[in-house]
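*Asks:*
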Amino acid sequence: MKQLERRWPKEGLAVLGAFLLALLLRLYPARNCIVDGRIVFFGYDSFYHIRRIAFTAENFPATLWFDPYLNYPLGHPITWPPLFDQVVAGASLLFGVPPEVAGALAPPVLGSAAVLVVYVLARRTFGARVAVLSAFVLAIDPKHLARTHFGFVDHDALESLLILGAILLLAYALTDRKRRLKLGAAAGALIAAVGYTWLGAPIYMVAILIYAVLQAALDLRDGNDPSSSILPLAAAFGVALLLFLPFRGEAWLAPSFFGALGGIAALGALLLLSRLLRREGLAAPALLPAAAILGALALAVISPFWGESGIAALLTEGARYFFLGGVGEGRILEAVPIYRLLDPVSLPALGLFFLLLGLGTMIRMSRLSRRPGDMLLLIVWAAFTLALTAFQARFLYLSSLAGSISVALLFFWGSDRLVGRRGPAPKAASVALLALLLFPNAVGLLEVIGAEPEIKGGWIEALDWVAENTPQTEGFEDAFGSPSYSIMSWWDYGNWILLQSRRPVVANNFQAGATDSARFFLAKEEEEALAIADGRGVRYVITDGKMVSGKLPAIVRWIDGDPRSYISSGSGISSPYTSSFTSTVLFRLHLQDGSGLGAFRLVYEAGPSQGQRDPAPEVKVFERVIGARISGTTPYDGPMAAALVIASNQGRRFVYSNEAMPEDGRYEITVPYSTDGEEDARSIGPYLVGPMEDLGGEGSREVEVAEEDVALGRVVEVNF
Numbered sequence: 001m002k003q004l005e006r007r008w009p010k011e012g013l014a015v016l017g018a019f020l021l022a023l024l025l026r027l028y029p030a031r032n033c034i035v036d037g038r039i040v041f042f043g044y045d046s047f048y049h050i051r052r053i054a055f056t057a058e059n060f061p062a063t064l065w066f067d068p069y070l071n072y073p074l075g076h077p078i079t080w081p082p083l084f085d086q087v088v089a090g091a092s093l094l095f096g097v098p099p100e101v102a103g104a105l106a107p108p109v110l111g112s113a114a115v116l117v118v119y120v121l122a123r124r125t126f127g128a129r130v131a132v133l134s135a136f137v138l139a140i141d142p143k144h145l146a147r148t149h150f151g152f153v154d155h156d157a158l159e160s161l162l163i164l165g166a167i168l169l170l171a172y173a174l175t176d177r178k179r180r181l182k183l184g185a186a187a188g189a190l191i192a193a194v195g196y197t198w199l200g201a202p203i204y205m206v207a208i209l210i211y212a213v214l215q216a217a218l219d220l221r222d223g224n225d226p227s228s229s230i231l232p233l234a235a236a237f238g239v240a241l242l243l244f245l246p247f248r249g250e251a252w253l254a255p256s257f258f259g260a261l262g263g264i265a266a267l268g269a270l271l272l273l274s275r276l277l278r279r280e281g282l283a284a285p286a287l288l289p290a291a292a293i294l295g296a297l298a299l300a301v302i303s304p305f306w307g308e309s310g311i312a313a314l315l316t317e318g319a320r321y322f323f324l325g326g327v328g329e330g331r332i333l334e335a336v337p338i339y340r341l342l343d344p345v346s347l348p349a350l351g352l353f354f355l356l357l358g359l360g361t362m363i364r365m366s367r368l369s370r371r372p373g374d375m376l377l378l379i380v381w382a383a384f385t386l387a388l389t390a391f392q393a394r395f396l397y398l399s400s401l402a403g404s405i406s407v408a409l410l411f412f413w414g415s416d417r418l419v420g421r422r423g424p425a426p427k428a429a430s431v432a433l434l435a436l437l438l439f440p441n442a443v444g445l446l447e448v449i450g451a452e453p454e455i456k457g458g459w460i461e462a463l464d465w466v467a468e469n470t471p472q473t474e475g476f477e478d479a480f481g482s483p484s485y486s487i488m489s490w491w492d493y494g495n496w497i498l499l500q501s502r503r504p505v506v507a508n509n510f511q512a513g514a515t516d517s518a519r520f521f522l523a524k525e526e527e528e529a530l531a532i533a534d535g536r537g538v539r540y541v542i543t544d545g546k547m548v549s550g551k552l553p554a555i556v557r558w559i560d561g562d563p564r565s566y567i568s569s570g571s572g573i574s575s576p577y578t579s580s581f582t583s584t585v586l587f588r589l590h591l592q593d594g595s596g597l598g599a600f601r602l603v604y605e606a607g608p609s610q611g612q613r614d615p616a617p618e619v620k621v622f623e624r625v626i627g628a629r630i631s632g633t634t635p636y637d638g639p640m641a642a643a644l645v646i647a648s649n650q651g652r653r654f655v656y657s658n659e660a661m662p663e664d665g666r667y668e669i670t671v672p673y674s675t676d677g678e679e680d681a682r683s684i685g686p687y688l689v690g691p692m693e694d695l696g697g698e699g700s701r702e703v704e705v706a707e708e709d710v711a712l713g714r715v716v717e718v719n720f
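Per my numbering, the sequence shown starts with residue 1, numbered consecutively.
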């Protein structure tokens, strides 16, 4: 005890140092996302969290449950559990700071707090030196930092902190017989908080149930009563279930409610089954198949009574979401399995390999532990989060929590074997081992803290222009109005447009409206695109270079197409396009400035494109107009064309053109630009109209088109 007291001040300073380092690193990205006195957020979901946080702060504690600015004109229910947004909104009100500031600061604070919880968990399981190193490993872990730094406003930081706290309390409950039910109940409160934070909370309950089965089997093997392990878990599930009751019927909490209910039933069945096996003197290995058979029978009996929205459906959809990517399979980068995303010969892959080695070390040490129960819980938790990461890359931040303990444990296991030898070489080898284990994190750390928000540059410039130069829509603040029009873009950018421009969108990051968005951009005929746009009340369309490059395969897959039919070989913007893509509305908008289309005109562009085969500005804003109809008689049998030189707001000059085939000696060409307009993108001279094969020759005419002609769809008669 005296030795511990002598060591504690140094240990305490080390832990404080790890916490401060974690906080500093997580605040450092602020230098990249504070622009002209305002915060520019990272990612995509951050923008909608800020919208909801701001609404909640204004109407506290009520939050936003339906948004007419999404999936226009239908609107969209918000199925995110509200706790994260309410906590941040409450902090905003408590400390008197704007919601944007509170939102940007919350992840660094919560992420740094996780460092302290990891320290406590590691210390009680493996001792002080492993705990201190675990804290430092997590502090610099880029996988965790990427989800908990300044400006990355998402529930991940709170959700992971809460479940980590629940695991810690359960670890104490499993070894403290006097307080096991109280500690289990406290863990249940944190599990309930996870359910109020994230829709996927039941997956954590599954991990706890897996532990319960394994621990019961070990208890039977050792001749112990499994109830000492099962009862604290039952207390946790029971308290969580009680806290879920008030909102059990809500779509955002129903999975967690049924998860807790199923967990209680499973633990009760496990307790009865284990006692039966113990009484009958059956071997412990019989528990695992018996539990599996009983679980399958229970599902078979229960599922007909619950229908498609019941427990069986929740299990099916949950398994599909976590292990097959759900609706995002092949369409959302973070839903891709990690083994498809990582190069096996890379530093991130090496870092994950170290986690696996550390997990193996942890399993080996558990056999020698005097408290195998809590160590087994940590092992199951570490293995389960690694399994989630294997199926979806988004869970890297989660696996980093137990992973930091694994890496620290691996280091001391190896170091103890090196230092035990004589001479200075083993100590140098220990330092080299530590450097090797931390090297993947150190390199990844530099990339994360040096990153800039994806929206910076052309996108934020374009969205600021939209906010200032397009007609305002009502209902943004109170979310009860009926906005008059919408903006079409790919769903990745919906939350950006919504928050930065304060305009309704067809598609956003909830994937509502994504199918119509994909159909619009990949339409081969303008009439098809117009039918979608008019049905959605679209007045503006925004495109960017990524939509014709890296994001194109996802757009194609959204309508179950084959990306290879649009990009002939290779990948990215350097690849040549096939005729299937060059005939789409997206190609004609972004790469041809609207040529070949009569109802869309470029009104603003921002930012240079980088590495584009056909150089074009990064972001383009188009306006949907009726279009003037240049019409008249013609003696020509071939296509008639209209061409106009346009100067964009950046001074870039391009030629807009459209054409039409004559019928019965008459032609009609719809054009979106006027020759007398004062828009940011304006004409240089009049239209040139004539036969396409000799446009500019003696048979061509110069034609003026008024803005009213374009706005009202008037006919401009030009006879040949």
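All C-beta atoms, glycine included, are put in the ideal place defined by N, C-alpha and C.
This one's a predicted model, so the numbers in the text were calculated from it and none came from an experiment.
Per DSSP, which residues does TYR733 bridge with? Please list them.
*Replies:* Because residue 733 is not part of the residues shown, which for the chain are 1 to 720, the question remains open.
*Asks:* When DSSP builds the beta bridges, which residues end up paired with PHE66?
*Replies:* Locating residue 66 in the sequence shown gives position 66, counting from the first residue. BP columns for PHE66 point to PRO77.
*Asks:* Return the CA-CA distance between ALA135 and ALA122, expressed in angstroms with no decimal places.
*Replies:* Numbered from its first residue, the sequence shown carries residue 135 at position 135. Numbered from its first residue, the sequence shown carries residue 122 at position 122. Rounded to the nearest angstrom, the two C-alpha atoms are 9 Å apart.
*Asks:* Name the DSSP beta bridge partners of ASP544, please?
*Replies:* Indexing the sequence shown from 1 puts residue 544 at position 544. ASP544 is bridged to VAL619.
*Asks:* Leaving out five residues on either side along the sequence, give the residues of the same chain with a beta carbon under 8 Å from the beta carbon of ALA189.
*Replies:* Within the sequence shown, numbered from 1, the residue matching residue 189 stands at position 189. Correct list, in chain order: VAL239, ALA240, LEU243.
*Asks:* In chain order, which continuous runs of the alpha helix (DSSP H) of length 4 or greater are located wholly inside the segment 471-533?
*Replies:* Within the segment 471-533, the complete alpha helix (DSSP H) runs of at least 4 residues are 514-521.
*Asks:* Is the segment 100-118 in contact with the segment 141-161, if contact means three or more CB pairs nearer than 8 Å?
*Replies:* Touching, per the Cβ criterion.
*Asks:* For GLU477, tell me which candidate among ALA383, TRP459, ARG502, GLY697 has the shortest Cα-Cα distance.
*Replies:* Residue mapping note: residue 477 aligns to position 477 of the sequence shown, counting from 1. With distances taken between Cα atoms, GLU477 lies closest to ARG502.
*Asks:* Between which two residues does the alpha helix (DSSP H) holding PHE353 run?
*Replies:* Against the sequence shown, residue 353 aligns to sequence position 353. Run containing PHE353: 347-366, per the alpha helix (DSSP H) assignment.
*Asks:* Let me know if GLY494 comes out buried or exposed under the rule of 16 or more other beta-carbons within 10 Å of its beta-carbon.
*Replies:* Sequence index remark: in the sequence shown, residue 494 carries index 494 (1-based). The residue is buried, with at least 16 neighbouring Cβ atoms inside 10 Å.
*Asks:* VAL538: which of ASN32, ILE626, VAL137 sits nearest, CA to CA?
*Replies:* Translated into positions along the sequence shown, residue 538 becomes position 538. Comparing Cα positions, the closest option is ILE626.
*Asks:* Pull up the distance between the alpha-carbon of SER575 and that of PRO553, whole angstroms please.
*Replies:* For the purposes of this step, residue 575 is taken as residue 575 along the sequence shown, with counting starting at 1. For the purposes of this step, residue 553 is taken as residue 553 along the sequence shown, with counting starting at 1. The predicted position of SER575 is uncertain, since its pLDDT is 47 and thus under 50; no value can be drawn from it.
*Asks:* Per DSSP, LEU688 is paired with what?
*Replies:* Translated into positions along the sequence shown, residue 688 becomes position 688. DSSP output for LEU688 lists ALA643, GLU702 as bridge partner(s).
*Asks:* Helix, strand or coil for ARG177? Go by DSSP, reduced to three states.
*Replies:* Numbered from its first residue, the sequence shown carries residue 177 at position 177. Note: ARG177 maps to coil in three-state DSSP.
*Asks:* Out of curiosity, what's the CA-to-CA distance linking LYS551 and GLY545?
*Replies:* Within the sequence shown, numbered from 1, the residue matching residue 551 stands at position 551. Within the sequence shown, numbered from 1, the residue matching residue 545 stands at position 545. Computed Cα separation, rounded: 9 Å.
*Asks:* Only counting the same chain, and skipping five residues up and downstream in sequence, which positions put a Cβ closer than 7 Å to that of PHE520?
*Replies:* As a first step, residue 520 is located in the sequence shown; it is residue number 520 there, counting from the start. Within the same chain, PHE520 has close Cβ partners MET488, ALA529, ILE532, ALA533, VAL585.
*Asks:* Looking at the structure shown, is LEU13 part of a helix, part of a strand, or coil, going by DSSP?
*Replies:* Taking the sequence shown and counting its residues from 1, one reaches residue 13 at position 13. Helix at LEU13.
*Asks:* Please tell me whether TRP496 and ILE455 are closer than 8 Å, where the distance is taken between their beta carbons.
*Replies:* Translated into positions along the sequence shown, residue 496 becomes position 496. Translated into positions along the sequence shown, residue 455 becomes position 455. Yes, they are a contact pair.
*Asks:* Using a Cβ-Cβ distance under 8 Å, would PHE354 count as near chain C?
*Replies:* In summary, chain C is missing from the structure at hand, where a single protein chain is found.
*Asks:* Would you kindly report the start and end of the unbroken alpha helix (DSSP H) that includes VAL466?
*Replies:* The residue given as residue 466 occupies position 466 in the sequence shown. 458-469 is the extent of the alpha helix (DSSP H) around VAL466.
*Asks:* Exposed or buried, THR79, counting other C-beta atoms within 10 Å across all chains shown (16 or more means buried)?
*Replies:* Counting from 1 along the sequence shown, the entry for residue 79 is found at position 79. Counting Cβ neighbours within 10 Å, THR79 comes out exposed, since fewer than 16 surround it.
*Asks:* Is THR670 near the ligand GTP, going by C-beta to nearest heavy atom under 7 Å?
*Replies:* As far as ligands go, the structure on display features none, and thus does not contain the ligand GTP.
*Asks:* Would you mind sorting PHE527 into buried or exposed? The rule is 16 or more other CB atoms within 10 Å of its CB.
*Replies:* Here the question's residue 527 lines up with position 527 in the sequence shown. Per the sequence shown, the amino acid found at residue 527 is Glu instead of Phe. GLU527 comes out exposed.
*Asks:* Pull up the CB-CB distance for VAL621 and PRO672, whole angstroms please, since I reckon it's below 8 Å.
*Replies:* The sequence position of residue 621 within the sequence shown is 621, counting from 1. The sequence position of residue 672 within the sequence shown is 672, counting from 1. 13 Å between Cβ atoms; not a contact.
*Asks:* Buried or exposed, going by whether 16 or more other CB atoms sit within 10 Å of the CB of VAL721?
*Replies:* With the chain covering 1 to 720 only, the question about residue 721 has no answer from this structure.
*Asks:* Using the Cβ count rule (16 or more neighbours within 10 Å means buried), how would you classify ASP637?
*Replies:* Taking the sequence shown and counting its residues from 1, the one referred to as residue 637 is at position 637. Result: exposed.
*Asks:* Give the straight-line distance between the Cα atoms of VAL506 and LEU499, rounded to the nearest whole angstrom.
*Replies:* Mapped onto the sequence shown, residue 506 falls at position 506. Mapped onto the sequence shown, residue 499 falls at position 499. VAL506 and LEU499: Cα-Cα distance of roughly 14 Å.
*Asks:* Could you spell out where the alpha helix (DSSP H) holding PHE136 opens and where it closes?
*Replies:* Position 136 of the sequence shown holds residue 136. Taken as a continuous stretch (DSSP letters only), the alpha helix (DSSP H) holding PHE136 covers 128-140.
*Asks:* Looking at PRO504: is its Cβ nearer than 8 Å to the Cβ of TYR44?
*Replies:* Within the sequence shown, numbered from 1, the residue matching residue 504 stands at position 504. Within the sequence shown, numbered from 1, the residue matching residue 44 stands at position 44. No.
*Asks:* Who does GLY632 pair with in a DSSP beta bridge?
*Replies:* Counting from 1 along the sequence shown, the entry for residue 632 is found at position 632. Paired residue(s): TYR667.
*Asks:* So, at 8 Å on beta carbons, what are the nonlocal neighbours of GLY665 in its own chain, with the 5 sequence-adjacent residues on each side left out?
*Replies:* Within the sequence shown, residue 665 is the residue found at index 665, counting from 1. Excluding positions up to five away in sequence, the list reads THR633, THR634, PRO635.
*Asks:* Measuring only the C-alpha atoms, how far is LEU218 from VAL118?
*Replies:* For the purposes of this step, residue 218 is taken as the residue at position 218 of the sequence shown. For the purposes of this step, residue 118 is taken as the residue at position 118 of the sequence shown. The straight-line gap from Cα to Cα measures roughly 26 Å.
*Asks:* Closest to PHE600 by CA distance: which of THR670, GLU659, TYR28, PRO608 is it?
*Replies:* The residue you call residue 600 lines up with position 600 of the sequence shown. The candidate whose alpha carbon is nearest that of PHE600 is THR670.
*Asks:* If you draw a straight line from the C-alpha of SER571 to the C-alpha of SER674, how long is it?
*Replies:* What you label residue 571 is simply residue 571 of the sequence shown in a count that begins at 1. What you label residue 674 is simply residue 674 of the sequence shown in a count that begins at 1. Interpretation of SER571 is limited by its pLDDT of 49, a score under 50 that renders its predicted location unreliable; no figure is taken from the coordinates.
*Asks:* Going by C-alpha to C-alpha distance, which of LEU174, GLY263, LEU138 sits closest to TYR204?
*Replies:* Position 204 of the sequence shown holds residue 204. Out of LEU174, GLY263, LEU138, GLY263 has the C-alpha closest to the C-alpha of TYR204.
*Asks:* Does the structure place the segment 21-36 close enough to the segment 62-71 that three or more beta carbon pairs sit under 8 Å?
*Replies:* Taking 8 Å as the limit for Cβ pairs, the verdict is that the segment 21-36 does not touch the segment 62-71.
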